[in-house]
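Enquirer: Residue numbers (the numbering used here), protein chains in the order written: chain A, 514 to 894; chain B, 153 to 569.
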Amino acid sequence: MRGIAVAAIALTSVMSMAACAKDSGGTSNNAGSSGTAASGCKLADKPPAAAASSSTAGDGTKVDGSALKVGLAYDIGGRGDASFNDSAAAGLDKAKTDLGLKADAVKELTAAPNEAEDAKQTRLRQLATEGYNPIVAVGFAYAESLKVVAPQFPDVKFAIVDGAVDGATNVTPLVFAEEQGSFLVGVIAAYQSKACHVGFVGGVDIPLIQKFEAGYAQGAKAAAPDIKLEKKYLTPAGDFTGFQDPAKGQVVGQGQVEAGADVLYQAAGASGKGVFAAAKAGNAKAIGVDSDQYNQPTVAESKDVIVSSMLKRVDVAVFDFVKAVAKNDLASLPKVFDLKVDGVGYATSGGKIDADLAAVLEGYKAQIIAGKITVSDKPSS
Amino acid sequence: MTALAEAPLTVVPPQRKRKIPGWALGMIGVAGAIALLSTTSYLTGVPQLTSTGTIQTAVRLALPILLAGLGGLWAERAGVVNIGLEGMMIMGTWGAAWAGYQWGPWAALIAAAVFGALGGLLHAIATVTFGVNHIVSGVAINLLGAGLTKYLSTLLFFPISHNPRESPAVPKFDTYSAGGLSDWLGSLEADQRVGISDVAGILRGLVTGVSPLTMLAVVFVVGSYLVLWRTRFGLRLRSCGENPTAAESLGVNVYLYKYAAVVMSGALAGVGGAALVLNPGNPGYLEGQTNGRGFIGLAAMIFGNWRPGGLLGGAALFGYADGLQLRSGGKTFLALIYGAVLLLAVLVVWQLVRRRWFAAATGIVAAGLLYGVYYSVDEVPSELTAYAPHLVTLVVLAVASQRLRMPAADGVVYRRG
Chain A
514 MRGIAVAAIA
524 LTSVMSMAAC
534 AKDSGGTSNN
544 AGSSGTAASG
554 CKLADKPPAA
564 AASSSTAGDG
574 TKVDGSALKV
584 GLAYDIGGRG
594 DASFNDSAAA
604 GLDKAKTDLG
614 LKADAVKELT
624 AAPNEAEDAK
634 QTRLRQLATE
644 GYNPIVAVGF
654 AYAESLKVVA
664 PQFPDVKFAI
674 VDGAVDGATN
684 VTPLVFAEEQ
694 GSFLVGVIAA
704 YQSKACHVGF
714 VGGVDIPLIQ
724 KFEAGYAQGA
734 KAAAPDIKLE
744 KKYLTPAGDF
754 TGFQDPAKGQ
764 VVGQGQVEAG
774 ADVLYQAAGA
784 SGKGVFAAAK
794 AGNAKAIGVD
804 SDQYNQPTVA
814 ESKDVIVSSM
824 LKRVDVAVFD
834 FVKAVAKNDL
844 ASLPKVFDLK
854 VDGVGYATSG
864 GKIDADLAAV
874 LEGYKAQIIA
884 GKITVSDKPS
894 S
Chain B
153 MTALAEAPLT
163 VVPPQRKRKI
173 PGWALGMIGV
183 AGAIALLSTT
193 SYLTGVPQLT
203 STGTIQTAVR
213 LALPILLAGL
223 GGLWAERAGV
233 VNIGLEGMMI
243 MGTWGAAWAG
253 YQWGPWAALI
263 AAAVFGALGG
273 LLHAIATVTF
283 GVNHIVSGVA
293 INLLGAGLTK
303 YLSTLLFFPI
313 SHNPRESPAV
323 PKFDTYSAGG
333 LSDWLGSLEA
343 DQRVGISDVA
353 GILRGLVTGV
363 SPLTMLAVVF
373 VVGSYLVLWR
383 TRFGLRLRSC
393 GENPTAAESL
403 GVNVYLYKYA
413 AVVMSGALAG
423 VGGAALVLNP
433 GNPGYLEGQT
443 NGRGFIGLAA
453 MIFGNWRPGG
463 LLGGAALFGY
473 ADGLQLRSGG
483 KTFLALIYGA
493 VLLLAVLVVW
503 QLVRRRWFAA
513 ATGIVAAGLL
523 YGVYYSVDEV
533 PSELTAYAPH
543 LVTLVVLAVA
553 SQRLRMPAAD
563 GVVYRRG
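1. Please classify A:T642: is it buried, with 16 or more other beta-carbons within 10 angstroms of its beta-carbon, or exposed?
2. Relative to chain A, which residues along the segment 245 to 274 of chain B have a C-beta separation below 7 angstroms, given in chain order?
3. Tell me the DSSP bridge mates of A:K745?
4. Just tell me which of A:V688, A:E657 and A:V838 has its CA closest to the CA of A:G856.
5. Beta carbon of B:Q441, beta carbon of A:A780: below 9 angstroms?
6. Tell me which residues share the same chain as A:D828 and place their Cβ nearer than 6 angstroms to its Cβ, disregarding the 5 neighbours each side in the sequence.
7. Please go through the segment 441 to 471 of chain B and give each complete alpha helix (DSSP H) segment of 4 or more residues, from N-terminal end onward.
8. Counting along the chain, where does the alpha helix (DSSP H) carrying B:Y526 start and finish?
9. For B:A560, is the classification buried or exposed, using 16 other Cβ atoms within 10 angstroms of its Cβ as the cut-off for buried?
10. Who are the Cβ neighbours of B:K483 in its own chain at under 6 angstroms, not counting the five residues just before and after it?
11. List the residues of chain A that B:Q441 touches, going by C-beta distances under 8 angstroms, in chain order.
12. Reducing DSSP to helix, strand and coil, say where B:M241 ends up.
13. For the pair the segment 224 to 241 of chain B and the segment 418 to 428 of chain B, tell me if three or more CB-CB distances fall below 8 angstroms.
14. Have a look at B:E318 and A:G782 and give me their C-alpha separation to the nearest angstrom.
15. Can you pull the chain B neighbours of A:Y746, defined as C-beta to C-beta under 7 angstroms?
16. List the residues of chain B that A:G732 touches, going by C-beta distances under 7 angstroms, in chain order.
17. Using a 10 Å radius around the Cβ and a threshold of 16 neighbouring Cβ atoms, would you call A:K825 buried or exposed?
18. Exposed or buried, B:W175, counting other C-beta atoms within 10 Å across all chains shown (16 or more means buried)?
19. Just the chain B side, please: which residues come within less than 8 angstroms of A:A580 by C-beta, in chain order?
20. Got a sec? Which residues, its chain only, sit under 6 angstroms from B:F485 by beta carbon, not counting five neighbours each side?
21. Which word fits B:T202, buried or exposed, when buried means at least 16 other C-beta atoms lie within 10 angstroms of its C-beta?
22. Within a Cβ cutoff of 7 angstroms, which residues of the same chain sit near B:L340, ignoring the five residues on either side of it in sequence?
23. Quick one: which residues of the segment 170 to 187 of chain B get their C-beta closer than 7 angstroms to a C-beta of chain A? List them in chain order.
24. For the segment 218 to 232 of chain B and the segment 448 to 466 of chain B, state whether three or more C-beta atom pairs, one from each stretch, are separated by less than 8 angstroms.
25. Taking the straight line between their C-alpha atoms, what separation do you get for B:T192 and B:Q200?
26. Flag B:N652 as yes if its beta-carbon sits less than 9 angstroms from any beta-carbon of chain A, otherwise no.
27. Got a sec? Which residues, its chain only, sit under 6 angstroms from A:Q763 by beta carbon, not counting five neighbours each side?
28. To the nearest angstrom, how far is the alpha carbon of A:S822 from that of A:A730?
29. Relative to the alpha-carbon of A:F696, which residue among A:Q705, A:V674, A:L721 and A:A735 has its alpha-carbon at the smallest distance?
30. Can you check whether the C-beta of A:V849 is within less than 9 angstroms of a C-beta belonging to chain B?
31. Between A:L659 and A:L640, which are expected to be in contact by the criterion C-beta below 8 angstroms, what is the C-beta distance as a whole number of angstroms?
32. Using CA coordinates, which residue listed in B:L368, B:V404 and B:M367 is at the minimum distance from B:F385?
33. Might you give, ordered along the chain, the residues of its own chain that have their beta carbon closer than 7 angstroms to the beta carbon of B:Q503, omitting 5 neighbours on each side?
34. Is it the case that the segment 325 to 335 of chain B contacts the segment 299 to 313 of chain B, given that we only count it when at least three CB pairs across the two stretches are under 8 angstroms?
35. For the segment 807 to 823 of chain A, list every residue whose C-beta sits within 7 angstroms of some C-beta in chain B, in sequence order.
This is the structure we're talking about:
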């Protein structure tokens, strides 16, 4: 009896093995094809061409920062997150080369996911007591901690990226107009989409990330009024693991591709890698965030789907801040790092943005800078 | 059945005689779930509930939870509470990435099992030999797993990936599909016929793009059942969890069995970690990527009444609910609420037949409330959907905890002699 059962099981498994085909073996896998071979959106009128740009080059004065000891407190992910923190690290590296900052006069510390508030305070206090000045806190998550720590060290110059601390005079806010940069990549998405259907994947449902969504949606709508938009946040506010979970990013990206979107914009930190993977698997395109993700080694295997990235020049802000401290001239920093001061922008690496599209983008950019288009920082719905 | 229900509660409850064997009950449950989903999908007009993509996602998300839960099952059946699953899983993710980027996915799997097993061994040494409180040791292992991998990845991954929190990309398994069957089911699903298309969608999700790891996990579930409930070794192992003193008096080497169980537990949790690393969306090891899945695995095991079949159901529930909310969000989830109303309606009828008036009334009230929610909102807010699996577990545990039965000596430190 047992022999027969074993034989039957063996036979069945052999037969089912024979029926199983390897997915990667030749046959076309029609995953994610939206069926309609539409050739793109009905595009809105192109904006007037931009006037010859007269961006002010930096004042050539040499600033010496070799006396500074700079402390950097990263948010979740830290150096090497292929995103936001890396950008801050790049600014610090630039300060090392351009301002003569000494390598051992820099200390970098990284936050852990869902850590307690006092862990952040301890980190900042540690940097301050060890004599680091200025200290840059990377990420809005440090706002509450800075409110406590900054008054305790009135002589230390703090800066906080993406946040502001009311009432603390020694904290310089470094905030960005993410919605303006996202507007431009929204335009890119609308021009690149074949199905006139684009997607947005946010990491955590918080006002900061909503700015990305808001700008993106407005840009896409401005370029193609009847475009369809999928949007999804990985985790609700309060649960910051959404910035750190590529598996979820992949699931959401795949869902949007299957719903018909063929250009995905991610503002999800390290989870964005999953979104890229989903875009690659579904023959869609993707737009990166914060840094020029096309050139990042950590996402190298899916770089061919990245058409552009919304640049948030945290590096510029960090560098400018360190420079301003070295010059002792904090008032020279812009209130908001926006398109006008090149605090945000878009990346062209990879050659996916042709001259026509570039002209359109410059047109929109000029209109935003001139104030003819105001980009709201809140999603419309 | 009615006579049984009305028996006085003061006496020791009589031995429940199961007319239907467990596997048949499981099949009925699965069939019921499919029927419920397809009815809901038909009545609410939300095909995503049973689409291939949803099921595939559910399988992928359920896999690490299932494996972690199985790990918990082995340890707890031998009487050792293993709250260190999360830490062992983290060790597994590191091991998988370290071996995986050098020698491929199979090596990743083995290394993950070995690393997880090392975590298990540590837990066994602490709890069995030295009699440390199981929870304390488990928490320590969670901390150790996170810290150790952080150290090791800074040491070994940083030179290659230029990121101390991440490994280089790990090659993934090829996926397999049941060729003709999958296409046939696909065309059936595309027809959108009531019932048939839903079943086709679910089946297609299960046979399309299957990773060898998924097949392996199924083998592990069945294997765990067979080993633990159908072999002498399993009986002895379980006796260590029920009454170690009695087992010892009959000549069972309790320490040895506990060691074996906890090491096995760690290995399975490690493989669960490998399932995360080898997930197609993940480039490789990433700090904090387990994200509490070890604990959810533990919850799935309790949900499943310390049995492999129930555990499979619990993991599937988590994977499905999570996949659904991530893929299609609040609107689809609303349909699921409608499904819950239908389920409650069936349960109410059942309770009425059994003349349990109070339970029926409670059911009616709950169904009414849920239907009110369904009727009044267009979309379940994302704050709620993200935690839906956890809420469902809470509800199930609250309702069914009377019937859950953990191994009698679970979590009790046993001293030989």
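Ideal placement from N, C-alpha and C gives every residue a C-beta, glycine not left out.
Expert: Concretely, from the data shown:
1. exposed
2. none
3. A:V714
4. A:V688
5. no
6. S600, A603 and G604
7. 445 to 455
8. W509 to S528
9. exposed
10. E531
11. Q757, D758, P759 and A760
12. helix
13. yes
14. 13 angstroms
15. S534
16. Correct list: empty, because the minimum Cβ distance to chain B is about 22 angstroms.
17. buried
18. exposed
19. The premise fails here: A:A580 is roughly 29 angstroms from chain B at the closest Cβ pair, so nothing lies under 8 angstroms.
20. Q477, V532 and T537
21. buried
22. I348, S349 and A352
23. none
24. yes
25. 11 angstroms
26. With chain B covering 153 to 569 only, the question about residue 652 of chain B has no answer from this structure.
27. G787, A790 and A791
28. 16 angstroms
29. A:A735
30. no
31. Not quite, the Cβ-Cβ distance comes to about 12 angstroms (not below 8 angstroms), so this is no contact.
32. B:V404
33. A511, A512 and G515
34. no
35. P810, T811 and E814
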